[in-house]
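Those protein sequences? They're chains A and B, same order as listed.
With the numbering used here applied, the first sequence covers 95 to 310.
With the numbering used here applied, the second sequence covers -12 to 362.
Glycine included, every Cβ here is placed at the ideal spot set by N, Cα and C.
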Amino acid sequence: MNLFVFIQENLSMTLFLTWEHIWLVGMSLIIAMCTGVPIGIIITKNKELANKVIGGANVIMTIPSIALFGLMLPILAIVGHGLGKVPAIIALVLYSLLPIIRNTYIAIKNVDPAIVDAGRGMGMTKWQLLREVEIPLAIPVILAGLKTAAVMNIGIAAIAAYIGAGGLGVFIQQGIARSHEAMILTGALAVSLLAIIVDLTMSLLEKLVTPRGLKL
Amino acid sequence: MIEYDSVTKVFGIGKKAVTATDNVTFTIDKGETAVFLGPSGCGKTTMLRMTNRLESITRGSIKVNGQDIMDMNPQKLRLTMGYVIQQIGLFPNKTIAGNIAIVPRMLGWNKEKIRARVDELLNMVKLDPEIYRDRYPVELSGGQQQRIGVARGLAANPDILLMDEPFGAIDPINRDQIQDEFLKLQAKLKKTIAFVSHDIHEAIKMADKIAIFKDGKLVQYDSPESILMRPANKFVSDFVGADRALKVLGLLRIRDAMNLSPKNLVQAGTDAPQVLKMMEDRGMKFAFVLKDNKPVGYVSPKLLKYEQGKVEDLVERFPEELGTREPLRDALSAMLMHDMIDFPVMDDNGDFAGSISYKNIQKSILELYYEDQDG
């Protein structure tokens, strides 16, 4: 098999590109989580703002990734980062925001109003309510949003190879350019495998962080 | 003590403004239960929610133990009041113990004290701590969950309890039971309670005072007996129902109406012919037979005719035993069921305390009805 021979001969390269891919996706996911979750929580207090924010994130989602890279190029070129990892991560963060914000918003909104009323009536502050009830109850749904974002970004990151961001997309892109079937396949299989593994791991994590009282 | 002074609440502004409560003034005395009663939309829940500042007050003031609630931090104010709602609102991610411990934890109690208090409260609401402490709310039935809701409200031993239709979502059989348990608890704890209800039966059962609301106005604030027998207007009398006299029967105790020294008593050892003669002379239809001051049964002239022995061997047993603490409703029910118009009443030791007849019942109802029409 050509494929195995290729992987054997380029093992360190394969591993390096896989690591680069994971780094791109992981980095963007962390940034998106740190911004998206607080945004999702804040907009639960204001319905109008929520509609605007989620609507805006929806618009970003509809822009094809290759077009987004193209759009950012002239802007980021001003600060000398038109190509490479910076635009890739910015794009990945933007794409992740919608599922993360939307899921956080819905999860917090879906907490039974009676629970919130009881908590407030007992003298809990908004922050205590968030920390002790709303967030623990919302975490499984927030994680589901993170999972959607992660799996989607593994695919989009493969395209980021075209703007020189590295990652497994490099194999696919160069393989196509050289008509090197084994190289294309290696890249494609590795990206798919990565997506499946991430999906399974995050599903498992989702189960683990679901509060016990909700599983019974 | 909770003092409502000209409390007005207006939701919205301009043309859309809705007055939820309109210039309401009344006082809930310390240790008393006031039930806020009325149809939905009458302002009773808004009244309750203003008491712990979940709703703001548009005009007027509410004082708790003499202190204006607007001068207090809302969170601190709420920590001093138990809050129990119909939907219960237990935190599903916390265990039963965790739910009960919410307020004590916010007050900074240490772990040992919280643990002991949780167990004490579980015992108080008749749920075994060993079994329920570490369970989650979803594992409990609705009635059990509301017991936890009540325990959670009582957790930090507040002077005041605010209860918004707390037993409204529980099935009728369990509701009756949990109401009874709560009454027993309240007899010991003597909390000052504001209790919202739309159910006249519940109000009569739970209240020391009933506040009847209509369209945001307080229509009448009085004891259940007075509300039933002397409704302030047609709205109140319609609301309490045409059977209000029957409802009063559930409130009054036999001891309030019974005849303490009935004449138709005979001792167990008396000879039958002697009793028969006495009964015929006085035209008695029947007499209670007492032995060691305990009622053993009754005799009638028909039973004694042609008999020679002692009356105690000839008695008919009473089909039902009535105690001084039982409601008049039970006495009337016994009379209707067994076609008897007079029953002996026993005190807590089973000794004869008096008798209750249909006439006694009617008299006590009429007394209530006419009480302030004289004055």
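With a threshold of 6 Å on Cβ separation, who are the neighbours of residue i within its own chain once the five nearest residues in sequence on each side are excluded?
{"i": "Arg162 (chain B)", "result": "Phe154"}
{"i": "Ala363 (chain B)", "result": "Residue coverage of chain B in this structure runs from -12 to 362, which leaves residue 363 (chain B) outside it and unanswerable."}
{"i": "Arg304 (chain B)", "result": "Gly284"}
{"i": "Phe200 (chain B)", "result": "Gly25, Cys29, Gly30 and Lys31"}
{"i": "Glu307 (chain B)", "result": "Ala321"}
{"i": "Gly69 (chain B)", "result": "Gly140, Leu141, Pro145 and Leu148"}
{"i": "Asn220 (chain B)", "result": "none"}
So residue i is in the alpha helix (DSSP H); what residue range does that whole segment cover?
{"i": "Asn247 (chain A)", "result": "Ile229 to Ile253"}
{"i": "Lys3 (chain B)", "result": "Taken as a continuous stretch (DSSP letters only), Lys3 (chain B) belongs to no alpha helix (DSSP H), as it is neither H nor E."}
{"i": "Ile165 (chain B)", "result": "Pro159 to Leu176"}
{"i": "Ile137 (chain A)", "result": "That residue, Ile137 (chain A), is in no alpha helix (DSSP H); it is neither H nor E in DSSP."}
{"i": "Leu143 (chain A)", "result": "Lys141 to Thr156"}
{"i": "Arg92 (chain B)", "result": "Ile89 to Met93"}
{"i": "Asn96 (chain A)", "result": "Asn96 to Glu103"}
{"i": "Ala190 (chain B)", "result": "Ile187 to Met193"}
Classify residue i as helix, strand or coil using the three-state DSSP reduction.
{"i": "Gly341 (chain B)", "result": "strand"}
{"i": "Pro305 (chain A)", "result": "coil"}
{"i": "Gly136 (chain B)", "result": "helix"}
{"i": "Asp(-8) (chain B)", "result": "strand"}
{"i": "Thr112 (chain A)", "result": "helix"}
{"i": "Asp361 (chain B)", "result": "Unreliable placement is indicated for Asp361 (chain B), whose pLDDT of 49 sits below 50; the coordinate value is still reported in the next sentence. Helix."}
{"i": "Ile328 (chain B)", "result": "coil"}
{"i": "Gln267 (chain A)", "result": "helix"}
{"i": "Lys113 (chain B)", "result": "coil"}
{"i": "Ser351 (chain B)", "result": "helix"}
{"i": "Phe305 (chain B)", "result": "coil"}
{"i": "Pro168 (chain A)", "result": "helix"}
{"i": "Leu148 (chain B)", "result": "strand"}
{"i": "Leu323 (chain B)", "result": "helix"}
{"i": "Leu127 (chain B)", "result": "coil"}
{"i": "Met216 (chain A)", "result": "coil"}
{"i": "Leu262 (chain A)", "result": "coil"}
{"i": "Leu205 (chain B)", "result": "strand"}
How is the beta strand (DSSP E) around residue i delimited, first residue to last?
{"i": "Ile180 (chain B)", "result": "Thr179 to Ser184"}
{"i": "Phe154 (chain B)", "result": "Unbroken run through Phe154 (chain B): none, as it is neither H nor E."}
{"i": "Lys220 (chain A)", "result": "No beta strand (DSSP E) holds Lys220 (chain A); the alpha helix (DSSP H) holding it covers Lys220 to Leu223."}
{"i": "Lys292 (chain B)", "result": "Neither: Lys292 (chain B) is in no beta strand (DSSP E) and is coded neither H nor E."}
{"i": "Ala198 (chain B)", "result": "Lys196 to Lys201"}
Considering only residues of the same chain and omitting the five flanking positions on each side of residue i, which have a CB-CB separation below 8 Å?
{"i": "Phe163 (chain A)", "result": "Pro181, Ala182, Ala185, Ile253, Ala254, Tyr256 and Ile257"}
{"i": "Arg231 (chain B)", "result": "Leu215, Met216, Pro218 and Ser224"}
{"i": "Gly136 (chain B)", "result": "Val71, Ile72, Ile75, Gly76, Leu77 and Pro153"}
{"i": "Gln295 (chain B)", "result": "Asp258, Ala259 and Pro260"}
To which residues of the same chain is residue i closer than 7 Å at the C-beta, ignoring the five residues directly before and after it?
{"i": "Met266 (chain B)", "result": "Ala274 and Pro288"}
{"i": "Phe100 (chain A)", "result": "Ala276, Met277 and Thr280"}
{"i": "Tyr356 (chain B)", "result": "Met216"}
{"i": "Glu131 (chain B)", "result": "A small correction: the amino acid at residue 131 (chain B) is Gln; Glu does not occupy that position in the sequence shown. Taken in chain order, the residues that qualify are Leu114."}
Closer than 7 Å: is that where the CB of residue i sits relative to any heavy atom of the ligand PLP?
{"i": "Ile233 (chain A)", "result": "The ligand PLP is absent from the structure shown, which contains no ligand whatsoever."}
Under 7 Å between beta-carbons, which chain D residues line up against residue i? List them in chain order, please.
{"i": "Pro230 (chain A)", "result": "This model lacks chain D altogether, as its protein chains are A and B."}
Specify whether the region 197 to 209 of chain A and the region 226 to 233 of chain A touch according to this definition: at least 3 beta carbon pairs, one from each stretch, less than 8 Å apart. At 8 Å Cβ cutoff, the stretches touch.
- Sequence ranges, alpha helix (DSSP H) only - wholly within the region 7 to 85 of chain B, length at least 4: 31 to 38 and 61 to 66
Just list the alpha helix (DSSP H) runs in the region 209 to 282 of chain B, keeping only unbroken ones of 4 residues or longer that don't cross its boundaries, in chain order. 211 to 216, 221 to 227, 231 to 238, 241 to 244 and 259 to 269
Self-check item: Any 3 or more C-beta pairs closer than 8 Å across the region 227 to 234 of chain B and the region 250 to 258 of chain B
Solution: no
Can we say the region 296 to 303 of chain A touches the region 234 to 244 of chain A, given the rule of at least three CB pairs closer than 8 Å? yes
Between the region 61 to 72 of chain B and the region 214 to 226 of chain A, are three or more C-beta pairs nearer than 8 Å?
yes
TODO: Could you say if the region 19 to 32 of chain B and the region 70 to 90 of chain B meet the contact criterion of at least three C-beta pairs nearer than 8 Å?
DONE: no
With three or more beta-carbon pairs closer than 8 Å as the criterion, would you say the region 100 to 109 of chain B touches the region 135 to 152 of chain B?
yes
Ignoring anything shorter than 4 residues or poking outside the region 166 to 208 of chain A, list the alpha helix (DSSP H) runs there in chain order. 179 to 203
Quiz item: Hey, is the region 115 to 126 of chain A in contact with the region 260 to 270 of chain A, meaning 3+ C-beta pairs nearer than 8 Å?
Solution: yes
Below 8 Å, can you find three or more Cβ-Cβ pairs linking the region 153 to 163 of chain A to the region 268 to 275 of chain A? Output reads no: the region 268 to 275 of chain A does not touch the region 153 to 163 of chain A.
Next on the checklist: Any contact between the region 92 to 107 of chain B and the region 49 to 58 of chain B? By contact I mean 3 or more CB pairs, one from each, below 8 Å.
Outcome noted: no
- prompt: Do the region 234 to 251 of chain B and the region 326 to 346 of chain B make contact, defined as three or more Cβ pairs closer than 8 Å?
  reply: yes
- Item | the region 159 to 174 of chain B in contact with the region -10 to 3 of chain B per 3-pair CB rule at 8 Å | no
- request: For the region 83 to 94 of chain B and the region 116 to 136 of chain B, state whether three or more C-beta atom pairs, one from each stretch, are separated by less than 8 Å.
  value: yes
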